[in-house]
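Okay, so the sequence shown: first residue is 20 according to the numbering used here, each after it adds one. Glycine residues also receive a C-beta, built at the ideal position from the N, C-alpha and C atoms. These figures come from a predicted structure and were not determined experimentally.
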Amino acid sequence: MTKVLVLYHSQEYGNTRKMAEALAEGAQQAGAEVELVNTNETRASIEAFRAADAVAIGTPDYFSYIAGNLKQFWDDWYIAQRIDPKGLKDKPLALFCTHGGGGKARGVLENLARELGTPVSETIASQGAPDRDTIAALKELGEKLVEAI
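Listed below in structure tokens is the structure:
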């Protein structure tokens, strides 16, 4: 079965979690097995990333940067790919972020993600809580991610 990893960071308001769950729903409807990992609750596993056929990554904008716990994933990934790059690059990607008005973390997320694979669509951003249109777009993005495998 196709495996999709949805790696994200969400805490106080849960806006990024809502986005992650919508994307995961779309991927599941397209037939994928989905693993949701909130880096606020657990450290992201390099082996889970390696085992995934496609990956979605989401972050809130904290001071124009990605969440620190999500950055920890990139640090772990950097070391792991230098030791054994198998399964750590060239994955279909979906990117999403939330912000309170700045939204500059989007560019940071996109730059970091270039090392992991190729986005299947533009990054979806939401200022505050995602509205119905954003939720629908995320479900579509989840489907596109599965189709790209």
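According to DSSP, is residue i helix, strand or coil?
i, result
"Glu166", "helix"
"Gly106", "coil"
"Val74", "strand"
"Gln146", "strand"
Given residue i, which residues of its chain have a CB within under 8 Å of its CB, disregarding the five upstream and five downstream residues?
i, result
"Gln47", "Val53, Gly161"
"Val23", "Ala43, Ala46, Ala51, Glu52, Val53, Glu54, Ala71, Asp72, Ala73, Val74, Ala75, Gly161, Leu164, Val165"
"Tyr81", "Gly87, Ala124"
If contacts are defined as beta-carbon pairs under 8 Å, then residue i and residue j qualify, I think. What distance do you get, rounded to the angstrom?
i, j, result
"Thr137", "Asn88", "In fact, because the Cβ distance is near 24 Å, the residues do not count as touching under 8 Å."
"Ala39", "Lys158", "With a Cβ gap of about 12 Å, Ala39 and Lys158 do not count as contacting."
"Ala167", "Val127", "Contact flag wrong, Cβ pair sits at about 23 Å."
Tell me whether residue i is buried or exposed, calling it buried when 16 or more other Cβ atoms sit within 10 Å of its Cβ.
i, result
"Phe68", "buried"
"Phe115", "buried"
"Tyr27", "buried"
Which residues does DSSP pair with residue i in a beta bridge?
i, result
"Thr137", "Pro111"
"Leu26", "Val56, Ile76"
Quick one: what's got a C-beta closer than 7 Å to residue i's C-beta in the same chain, skipping five residues either side?
i, result
"Trp93", "Leu131"
"Ile65", "Asp95, Trp96, Ala99"
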